[in-house]
Each structure stands twice: as structure tokens, then as C-alpha cells.
Amino acid sequence: AGHSLGEYNALLAAGAFDFETGLRLVQKRGELMAAASGGGMAAVIGLSAGELQSLLREGGYDDIDLANFNAPGQIVIAGKKESIEKVVEGFKAKDITIMPLAVSAPFHSRYMKPAAEAFAGFLKDFSFNPLRIPVIANATARPYEEEALVELLSTQIASSVRWVDSIRFLMGRGVEDYEEVGGSILSRMVKDIRAKCTPIMEEKVVLQAPVEHKPKVTLKAEPPSASIKYPSQEREPAARPKPVAEPNGTLATRLGSAAFREGHSVKYAYIAGAMYRGIASKELVVRMGRAKMIGYLGTGGMSLNEIEDNIKYIQSQLTQGEAYGMNLLHHLTDPVFEMKTVELYLKYGIQRIEAAAYMQMTESLVYYRLRGLRRGTGGEVVCDNKILAKVSRPEVAQAFMSPAPEKIIQKLLDKELVSQEQAELSKQVPMSHDICVEADSGGHTDGGVALVLLPSIQRLRKDIQVQQNYAQPIRVGLAGGIGTPQSAACAFVMGADFILTGSINQCTVEAGMSDEVKTMLQDINVQDTAYAPAGDMFEIGAKVQVLRKGVLFPARANKLYNLYQQYGSLEEIPEKTIRQIEKNYFKQSIADIWEQTRAYFTNRGEPEEIEKAEQNPRHKMALVFRWYFGYSSRAALAGDMEHKVNFQVHTGPALGAFNQWVKGTELERWQNRHADQVGARIMEEAALLLENTLKAIGKE
């Protein structure tokens, strides 16, 4: 592989031509490209392609092309000289790193079209040898195919250098050793790409066999990266199993734990997990329940009145004992709200909650569990109030697998919130019978690896089960990264008792997300997410995984966190930076935001937060910056496209994998996706995959 002109060195090494021919080619290429004067180029650092394209669209720079994709966060742009100068000036004003390059022409852009066409005519007089070794083309990031060599050599002049994808392609082929001939710039790029990017996994490309009816490469005046279709892109899509129309009713309904299915009266060992601010909506919960599946309402960010209204709606729709549940988030700084939420659940007889963000047991959580304990007709302990515990750390899993802490039980007894019998019964059962191991996922995440976490917590479950001698087994399921039948099948093969999905349900008809965001989400791939600070835990640096494609929220949120780390108050931040933040991030002054923040805490009856901020400048800075996170979420939920670049959308790569799986089917459009059908289809096709695999093994 070679970068730009270096591609000719790679072709020489592969035997495509001799040294003399190569010299003639690069001489003519340089002559033609140099003739296209009057342009410029600049390197942009720290932005993804989607972020950069959004900024260019915002600024009206439709005459600028992305010329070189050198490394993650390092992209070279090309265009007319005056346009490049304007972009450089505008980006610097926004505190974006951009460096003009010392060139006289806009190489690898639409402005090279005349040079590309002239070079194509020049190449007609040459014949080339078969390649002895594969060479990756800059224009396609795929190996050269011999009959396309002439077309690709001319195309390269006017198309982007796809260096990142070229290395990702090699990574997908298992290439481990990269040796640079002369210099070290490419080696540094490769190191960065391998550290931050995922491999491209595709069908094996046959280099030597001729391909019939090969389409010709066409050049257009639009940006090459968007307009040129290459042979490798014109292939028929790889065959994929078509989603089954009806459940097969056999293995799919036996995957996972039978005790889980029976305990919750559901058809599949499958859960549609809670997503904050009602993204996992009341309509989604009802749809799942009617399909004899289970979904949890996303109550995070809701007021008690909003939660109550949602409960009333769900209970009015699910009247036949269907399964459903509510989210319960740990409120580290507001235990009173957490307890009031539990009291609301108990008032309405909510028998299932999804406990998230807990590091230890709390009084409200233990209260909920114990209030549902009673002695059955056979003397057994019955747990009416079921807790689904989402965990990503073994010590937290251990706390949920253990009986309720004695200290908290005594507090509840002293307050006469539980009976003595309930306190005694609690010693015989764990806090939760359903432990959901959460690997790296959309939203709040510890970035855990499923292959590491699940076996560790399964082993912990085994030890605690023996130690405590529970009458009913603890079930351990898996969440995070599950968006296809293959990932679901892997989870069950690893012994998961159930699976939980999240991101894929955000892009369904029932999800409480704006249609505008759903349209954005239906097109993402696995690489289109990023990590950003969590607004609710901004000060401690907790992370959420969010949408990156087409928005600037991740970059801007991380910028705010870096400023918080670097300075002790808003007054210490340079005035120029403050102006940029007010103009581009907040769209209003910091003074206005502080007044809104004061009003917010006053209305919540928390004047102590205001007093603390006025005495502690750093705390005030944190509250002002946290405003941005609330605003960015509200803009996304409302689908306010005027603020699209600031959309905060919690999602993970599982949705990108799902999108690729359903491409070319009716589920490609989100308007055809329903949460229950998505879940059933994943379970049914996972079962089919396992059945076919077992049959294939049996034949060997």
C-alpha cells in the first residue's frame, strides 16, 4: 500500500510496470496535476469526517472536498484558494485546529477532474503486467483488480486518499506487520489507525480472476468521495439470511432460562431495556407486553407526575397480567427522589423494576424488595417485587446476589416501613434473582467486554448460590452490543440466561425519540459512535456513548470537560474561548444560562445548590457546563434541526450492526421497525443460526 504518489511505488514493487515506465507515469501525473493551479489544501485535526462535513455545510463551504483521510481525526481538505483561506479563518475562530499546507493546487479533489481525464488518455498507450502481490488502491481502499488498473490510476488523481480505510481493510485481513520504506510519517498514521479503528471485514476479494461485465469508473464534478462509484462498490450485496416472517416456535422459545420465561410469563428470554427520558416509552412497553415479551419504561429524567401518568397509561392497556417494568435510577445526590419513586411504584403495585447505576444497596432499593416478600402456601419465600439489576462490576453484582444488608433492614424496621417477617424472609433470598451483565453499550457505560465480564460474573453466581443455598437460582443475562442474531446466539452459547437490548429499540416506531433522530440513526454503522462526558456525573468524568455521525456533541462535550479540568472558574477561561462557547455551543450568554440554572434549582427547592455555586466558582462552572448536556438532549428529543449539530443521542455500535443486518429488507426504514417484531426476529434467527450450525457440525 502507498499513500498518494506512494501508490506508484507499491505498484512498482508488485511488478505492474518497470522503473522506467513508472518514472514516465509519475512525471506526466505531476505535470497534469501541477497545471491545476489556484487551489489550496489544509489539514484539520481532531474532527471526524461527519463532524467536519457538518461544519462545512454550516459554513456554506460546498466547494470544499475531503481530500485525504490520513488518520482518525486527521483529514486534509482541498478547494479553491480563497475558500480554503475562509475555512482556515472560520475554523480557527471556533478553536478548531487547522493547518494550511504549502501546495499550489487542490490535489485529490473535484478540481483535478481535467487532469484525471487527460491522464486517462495518456494511459491508453501503456500495458501493465499482472500484479505479483496485492496492492490497495487509494481510491477504493480495496485491492486493485487488473482490468480496472488503468481506470483506478486516473481516478486516483481526482478522488480522496482513503488511507484510514485502506489500513482497516488490511487489519480485516489479519495483517500485523507494517514496514515503511523511507520516513516514519505513515508508520505513525498506521499506529493511530490500528489503535482507534475497527477492521473492515468483507468477503475475500479474488485478485487474479477476471470479472465479467465490469462497470467503468465514472468521474463527476461533485466531491469524489460522494460521487464516484468503483467496481468494488458495484457488487451485488452479500447474501444474508432473510428475516423469518413467523416464529418457528421451537428453539427460539427455549433459548436461555426456562425459569426466567416462567417467572415473568414471557415467550422469549429477551428484554427491551429502559432508555432515559421515556425513549423506552409507554407505547413501547405496551407493545412488548401484548406480544408476551417484557419492556421497561425509561423513567430517567422524568418527574414523579410524568412517571405516574405513564404508569396509569400502561396499566390501562395491559389488563391481562402481561409483563412490564419500570426503570429505577440510583440518585446519589437525591436519595429523597429515589425513595419517592419507589413509594410511587409500590402505590401502583409495580412488580418489576430495572435497577441501574447502583454501586451499592440503598434504603429505597431494599425497601422495594422487602415490601414484596411473603410466605407462600407451601412455606416457600415468594418475591413479588422483582429487581433486574444492571451491573458491569463484580463487586456490584455480588451486592445484588447477596441478601439485603442488615444495617439497612434495621433502619427500615426502625421506621416501621417493613415487617419483622419481611426482614426475616429477606435473609433467604438475594436482592435480585435477575442479574444483567452490561458490557459496552449506548449511554452510560464502563466499556466492559462481554467475553470477560459474563464468565466472571457467572462464576461469582455459582459461588454465591452454593454459599447462600438459595432455593431459587440466580439468573445471569447479558446486555451491550446485542443487535443481530449472531450476537444474540453468541450470548446464549456463553450461557446467558436472557439477553437485553437497548440501542436498537431507540430506532423503532414506538420509541419516544424524535423522527428526525430516528432517521439519522437508521443509517449509522458500527463506527459512528463516540464517548463523551455524562452530564449527570460531569464532575467525576463518567462517560456515555453517543452518536457521532452528523453531530458535534461529542467533540464539544469533551472540550467543556477539558476546560473544567484545566481551569478553576469561568473567569479563568480566556475571553476568546468563552465567546466561542457562547456563540457556537450555547447559542446564548453564560449569564443567561446561569439565570436559568438558578431558576431551575429554585423551582426544585434546592437553594443550597445556588449557594454552593456562588461560594465555589468551580462548582458554578460545572453547573453552567452541565446545562449544555440538558439542552443537547432536549434538542434531540424534540428533533429541532436548527440545533442538530448539538444533538446528544445515546446509542451504541449494536444499532450500526443491526442496520447492516437489515439493509435491503423492509426493516431498513425505521418506520417499519416495531420493538416486539425486532426482538422476535432476533431470537428466531438466532435459533435458526444455532440450529444450522449444529447440523453442520453433525455432518463433519
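Letter by letter, the sequence shown follows residues -11 to 688 in our numbering. All C-beta atoms in this analysis are idealised placements derived from N, C-alpha and C, irrespective of residue type, glycine included. Quick caveat: nothing in here was measured; it's all calculated off a predicted structure.
With H, G and I counted as helix, E and B as strand and the rest as coil, what does DSSP make of residue 82? coil
In the DSSP output, what is residue 488 paired with across the bridge? 259, 467
Leaving out five residues on either side along the sequence, give the residues of the same chain with a beta carbon under 7 Å from the beta carbon of residue 71. 49, 51, 52
Expected contact under 8 Å - CB spacing of residue 266 and residue 286 to nearest Å: 5 Å
Would you grab the beta carbon distance between residue 30 and residue 89 for me? Rounded to a whole angstrom, and I think it's under 8 Å. 6 Å
Is DSSP giving residue 517 helix, strand or coil here? strand
Check the C-beta distance from residue 130 over to residue 121 and give it rounded, since I have them as a contact under 8 Å. Not confirmed; about 15 Å, so no contact.
Would you give the residue range spanned by the beta strand (DSSP E) that residue 132 belongs to? Here residue 132 belongs to no beta strand (DSSP E), and DSSP marks it neither H nor E.
Report the three-state DSSP secondary structure of residue 405 (helix, strand or coil). coil
How many whole angstroms separate the CB atoms of residue 459 and residue 369, which I take to be in contact at a CB cut-off of 8 Å? 7 Å
Near residue 406, which residues of its chain fall below 6 Å by C-beta distance, leaving aside the five closest residues on each side in sequence? 358, 400
What separation, rounded to the nearest whole angstrom, lies between the Cα atoms of residue 361 and residue 522? 36 Å
Assuming residue 417 is part of the beta strand (DSSP E), what are its boundary residues? Note, residue 417: premise wrong, no beta strand (DSSP E); not H, not E.
Please identify the residue among 10, 0, 34 whose C-alpha is closest to the C-alpha of residue 547. 34
Under 9 Å, do residue 273 and residue 257 count as touching if we go by C-beta distance? no
Under 8 Å Cβ to Cβ from residue 566, same chain only, skipping five residues before and after it: list those, please. 558, 578
Euclidean distance between Cα positions of residue 532 and residue 639: 9 Å
For residue 689, which option in 83, 354, 92 has the closest C-alpha, if you only look at C-alpha atoms? The question about residue 689 has no answer here: the residues shown for the chain are numbered -11 through 688.
Considering only DSSP beta bridges, list what residue 316 is partnered with. 343
Please report the distance separating the alpha-carbon of residue 598 from that of residue 613. 15 Å
Can you tell me the Cα-Cα spacing of residue 238 and residue 135, whole angstroms? 50 Å
Extent of the continuous beta strand (DSSP E) run through residue 371: 369 to 371
To the nearest angstrom, report how far apart residue 212 and residue 106 are at their CA atoms. Below a pLDDT of 50, predicted positions are generally treated as unreliable, and residue 212, at 30, falls in that range; no measurement from the model is reported.
Could you work out which residue in 611, 631, 615, 487 is closest to residue 242 when comparing CA atoms only? 487
Stretch pair the stretch 626 to 642 + the stretch 440 to 450: three plus CB contacts closer than 8 Å: no
Does the contact criterion of 3 or more C-beta pairs under 8 Å hold for the stretch 337 to 352 versus the stretch 316 to 328? yes
Segment contact, 8 Å Cβ cut-off, at least three pairs: the stretch 166 to 181 with the stretch 4 to 20: no
Cα-Cα separation between residue 443 and residue -3, rounded to whole angstroms: 49 Å
Please return the same chain residues whose Cβ sits closer than 6 Å to the Cβ of residue 0, not counting the five positions on each side in sequence. 10
Euclidean distance between Cα positions of residue 670 and residue 500: 22 Å
Please state whether the Cβ-Cβ distance between residue 59 and residue 176 is less than 9 Å. yes
Coarse secondary structure for residue 499, derived from DSSP in three states: coil
Indicate whether residue 39 and residue 543 have their beta-carbon atoms separated by less than 9 Å. yes
Would you list the residues sitting across from residue 431 in a DSSP beta bridge? 533
Cβ-Cβ distance between residue 647 and residue 550 below 9 Å: no
According to DSSP, is residue 116 helix, strand or coil? coil
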